[in-house]
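Presented below is the structure to which this report refers.
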Amino acid sequence: MSALDGITPLTELEAINVILATSTQAPISTLDDVEVTDASLARNTLRATLIEVQTQGLSFNNETGYIISPDQNGFIILPRNTLKVDTDGDDADTNAVQRGTKLYNKDTHSFVWDKPVSLDIVLAFAFDELPPIVANYCVIRAARKYQDQYFGDSQVHSYTEQDELIAQAAMLEAELDTNDPNMLTDSTFMQGLLART
21 MSALDGITPL TELEAINVIL ATSTQAPIST LDDVEVTDAS LARNTLRATL
71 IEVQTQGLSF NNETGYIISP DQNGFIILPR NTLKVDTDGD DADTNAVQRG
121 TKLYNKDTHS FVWDKPVSLD IVLAFAFDEL PPIVANYCVI RAARKYQDQY
171 FGDSQVHSYT EQDELIAQAA MLEAELDTND PNMLTDSTFM QGLLART
């Protein structure tokens, strides 16, 4: 049995307590305690940061070739946790945007679709569903934002800008490891050239 066997990723409650601790606020014992103003502000800051970071579209929350069929009314209903969407594959030339939870066709000026659509879709996930390296970056970024927004003294940051940059670099390095990018096959230019052959 390793000494690390008991180590688990942070929970949302622990993350909120980390944020509160950066400004010497008392920890909470349950997420039901978020009626306490400081805890509520910390939770809101964390959730806003989760959306901000995940909107980038990272390997864990970005799906390509995600096919959605129209419902009985012809509407393409997007998952409620959709952050960003674009058409891809055979539908890449279709000019579509997200409006609320529906996909809108800007070419036909309509919400009505007559066939399934292939999408590149970015989805939001709850804190507890994030990869630990992404969660760590979100906590550090949220803690710095919380201190800046509600306390304003950059001299008393528990986390420095360098801490945030290190966490971001670790997250992006993990992203590269996961994606296995290939300059020769992944670029739009090269895909266009390969399609001609």
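Offset between the sequence shown (1-based) and this note's numbering: plus 20.
Glycine residues also receive a C-beta, built at the ideal position from the N, C-alpha and C atoms.
Host beta strand (DSSP E) of residue i (start-end)
| i | result |
| --- | --- |
| residue 137 | 137 to 143 |
In DSSP terms, what residue i is bridged to
| i | result |
| --- | --- |
| residue 88 | 137 |
| residue 83 | 141 |
CB contact flag (residue i, residue j, <8 Å)
| i | j | result |
| --- | --- | --- |
| residue 42 | residue 163 | yes |
| residue 85 | residue 109 | yes |
| residue 103 | residue 71 | yes |
| residue 51 | residue 78 | no |
| residue 96 | residue 56 | no |
| residue 62 | residue 39 | yes |
| residue 45 | residue 58 | yes |
Start-to-end residues for the alpha helix (DSSP H) that takes in residue i
| i | result |
| --- | --- |
| residue 69 | 57 to 74 |
| residue 96 | Where residue 96 is concerned, there is no enclosing alpha helix (DSSP H), given that its DSSP letter is neither H nor E. |
| residue 35 | 32 to 41 |
My parser needs the alpha helix (DSSP H) runs of 4 or more residues fully inside the stretch 100 to 171; what are they? The stretch 100 to 171 contains these whole alpha helix (DSSP H) runs: 152 to 170.
Could you check whether the stretch 66 to 86 touches the stretch 141 to 156, counting it as contact only if at least three pairs of C-beta atoms, one from each stretch, sit closer than 8 Å? Cβ pair count under 8 Å is three or more, so yes.
Any chance the stretch 96 to 116 sits against the stretch 148 to 166, with 3 or more Cβ pairs inside 8 Å? These segments do not touch.
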